[in-house]
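Under this note's numbering, the first residue of the sequence shown is numbered 10, with each subsequent residue one higher.
Quick reminder that beta carbons are idealized off the backbone N, C-alpha and C, glycines included.
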Amino acid sequence: FVGMMVIPEVLRHPHFDLVGVGVSNPDKVGKDVGQICGIDSVGLAATDDKDALIALRPDALVHFGPTAAHAADNIRDIAFFLRSGIDVCSTAMTPWVWPSMTLNPPSWIEPIEEACEAGGASCFTTGIDPGFANDLFPMTLMGLCAEVRQVRALEILDYINYEGDYEDEMGIGRPPEFIPLLEHTDILVMSWGATVPMMAQAVGIELDEITSTWEKWVTEKPIVSAKGVINPGEVAAIRFTINGIFKGEPRICLEHVNRVGVDAAPDWPRGTQDDVYRVVIDGTPSITQETSFRFTDGSGRDAAAAGCLATGLRALNAVPAVNNLPPGWVTALDLPLIPGRGTIR
Numbered sequence: 010f011v012g013m014m015v016i017p018e019v020l021r022h023p024h025f026d027l028v029g030v031g032v033s034n035p036d037k038v039g040k041d042v043g044q045i046c047g048i049d050s051v052g053l054a055a056t057d058d059k060d061a062l063i064a065l066r067p068d069a070l071v072h073f074g075p076t077a078a079h080a081a082d083n084i085r086d087i088a089f090f091l092r093s094g095i096d097v098c099s100t101a102m103t104p105w106v107w108p109s110m111t112l113n114p115p116s117w118i119e120p121i122e123e124a125c126e127a128g129g130a131s132c133f134t135t136g137i138d139p140g141f142a143n144d145l146f147p148m149t150l151m152g153l154c155a156e157v158r159q160v161r162a163l164e165i166l167d168y169i170n171y172e173g174d175y176e177d178e179m180g181i182g183r184p185p186e187f188i189p190l191l192e193h194t195d196i197l198v199m200s201w202g203a204t205v206p207m208m209a210q211a212v213g214i215e216l217d218e219i220t221s222t223w224e225k226w227v228t229e230k231p232i233v234s235a236k237g238v239i240n241p242g243e244v245a246a247i248r249f250t251i252n253g254i255f256k257g258e259p260r261i262c263l264e265h266v267n268r269v270g271v272d273a274a275p276d277w278p279r280g281t282q283d284d285v286y287r288v289v290i291d292g293t294p295s296i297t298q299e300t301s302f303r304f305t306d307g308s309g310r311d312a313a314a315a316g317c318l319a320t321g322l323r324a325l326n327a328v329p330a331v332n333n334l335p336p337g338w339v340t341a342l343d344l345p346l347i348p349g350r351g352t353i354r
């Protein structure tokens, strides 16, 4: 989904050339990339032949693969390019946002480190969750403070049009007694909490521990969403926090409020408009920043799609900077300011 939105932007960008497109779905192999993305033919066929893509000698693979639920596939594909000397900027594998996070299994880390060393290449993972909205934004704002008593990064989204997986993962659409995967602290922190120890490292502290909270809101009336109907008595909103504890207090916090429908969980936090990312710093000075992603081009695409595109473009625009860094892991702490060269044209 992200890749299909980014490709048209690459094609009209003055500083990037699209030389190849790899796909995993056999139904897409051989199809014109424009057809796959819903635009005019571009004269470039998609392929599942990684050797053919390597032979093109690209400066980077911009990788919009699946989540860490498909870790083996991601590691196989990304390591293949790294070992061939090609840098990778990816939105997949969000635990790699901070590779040194203790919950990252060695089997997820060592193959990439070995591939980077063998190929002299670099690997950067971003993503809007837990990417720049949960690391770049709060860390930048903390740099404006004399003291930070607490920093909190919130995602406040309505999933009414979301068609991805959330039933088993979040328990949305399930009875309240159902325990979703992400309600387990270790799984939640590994999946979405890598920016918490990253921010601790950035400000020079060592966390005591990382904890979590989880709340559910059950609907009393049917809610019709893009995925179907959430029935009365089923969970229609979840709220969780991931908390970096320092000196016994939660100091670095991520909070998600994900509801289905504007009327769900009316007492939980909301943005000044729908679908926002908010950073709240209690400090000297205290700072609140709220960010929304929107399309104003008349396409009718929703806020969730705009956020996904921003995710993909963070990975794309990072390519020149990643190319200039030494081989190995790259995190948000290693990157310079990426102002979006070529975006004003």
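Residue range of the unbroken alpha helix (DSSP H) whose run includes residue i
| i | result |
| --- | --- |
| Thr194 | Thr194 to Trp201 |
| Ile63 | Lys59 to Ala64 |
| Leu6 | As displayed, the chain neither begins before 10 nor continues past 354, which places residue 6 out of reach and without an answer. |
| Arg323 | Ala312 to Asn326 |
| Val212 | Thr204 to Val212 |
| Val42 | Val42 to Cys46 |
| Leu145 | Leu145 to Met151 |
| Glu178 | Glu176 to Met179 |
C-beta contact flag for residue i and residue j at 7 Å
| i | j | result |
| --- | --- | --- |
| Ile181 | Ala130 | no |
| Arg158 | Asp58 | no |
| Val97 | Leu70 | yes |
| Ala245 | Ile232 | yes |
| Thr401 | Val285 | Outside the shown range of the chain, which is 10 to 354, sits residue 401, and nothing can be said about it. |
| Met179 | Thr134 | no |
| Ile196 | Lys225 | no |
| His265 | Glu164 | yes |
| Val331 | Ile261 | no |
| Glu172 | Ala273 | no |
| Trp223 | Phe187 | no |
| Val42 | Cys317 | no |
| Gly242 | Pro23 | no |
| Thr293 | Thr100 | no |
| Glu176 | Arg183 | yes |
| Phe141 | Arg323 | yes |
Exposure label - residue i; buried when at least 16 CB within 10 Å
| i | result |
| --- | --- |
| Leu65 | exposed |
| Gly31 | buried |
| Ser221 | buried |
| Leu153 | exposed |
| Val28 | exposed |
| Ala327 | buried |
| Gly136 | buried |
| Arg268 | buried |
| Ser9 | Here the chain has residues from 10 to 354 only, and residue 9 is not among them. |
| Asn240 | exposed |
| Asn143 | buried |
| Asp84 | Position check: residue 84 holds Ile in this sequence, whereas Asp was assumed. Result: buried. |
| Asp60 | exposed |
| Val271 | exposed |
| Asp167 | buried |
| Leu355 | Nothing can be reported for residue 355, as the shown portion of the chain is limited to 10 through 354. |
| Arg354 | exposed |
| Ser308 | exposed |
| Ala304 | The question names Ala, but residue 304 in the sequence shown is Phe. So Phe304 counts as exposed. |
| Arg21 | exposed |
| Thr111 | exposed |
| Asp311 | buried |
Bounding residues of the beta strand (DSSP E) (the contiguous stretch that carries residue i)
| i | result |
| --- | --- |
| Arg158 | Glu156 to Asp167 |
| Ala341 | No beta strand (DSSP E) contains Ala341, which DSSP labels as neither H nor E. |
| Ala54 | First-last for Ala54: undefined, no H or E at that position. |
| Val71 | Ala69 to His72 |
Self-check item: Contact between the stretch 264-283 and the stretch 147-157 (3+ Cβ pairs under 8 Å)
Solution: No, the stretch 264-283 is not in contact with the stretch 147-157.
Exercise. Give, in chain order, every unbroken run of the beta strand (DSSP E) that is at least 3 residues long and sits entirely within the stretch 257-304.
Key: Taking only runs of at least 3 residues, the beta strand (DSSP E) segments lying wholly in the stretch 257-304 are 258-268, 285-293 and 296-300.
Quiz item: Counting Cβ pairs closer than 8 Å, one from the stretch 92-110 and one from the stretch 338-349, do we hit at least three?
Solution: Between the stretch 92-110 and the stretch 338-349 there are three or more inter-stretch CB-CB distances shorter than 8 Å, so the stretches are counted as touching.
Quiz prompt | Every unbroken beta strand (DSSP E) within the stretch 87-135, with a cutoff of 3 residues, ordered by chain | solution = For secondary structure counted as the beta strand (DSSP E) over 3 or more consecutive residues, the stretch 87-135 holds these complete runs in sequence order: 96-99 and 131-134.
Exercise. Would you check if the stretch 40-53 and the stretch 77-96 touch, i.e. whether three or more CB-CB distances between them fall below 8 Å?
Key: The answer is no - the stretch 40-53 does not touch the stretch 77-96, with fewer than three Cβ pairs under 8 Å.
Exercise. Counting only runs of 3+ residues fully inside the stretch 223-252, write out the beta strand (DSSP E) ranges in chain order.
Key: Secondary structure in the stretch 223-252: the beta strand (DSSP E) runs of 3 residues or longer, each lying completely within the stretch, are 232-234 and 237-239 in chain order.
Quiz item: Are the stretch 199-218 and the stretch 248-263 touching, with three or more C-beta to C-beta distances below 8 Å?
Solution: Contact between the stretch 199-218 and the stretch 248-263 is present: 3 or more CB-CB pairs across the two stretches fall below 8 Å.
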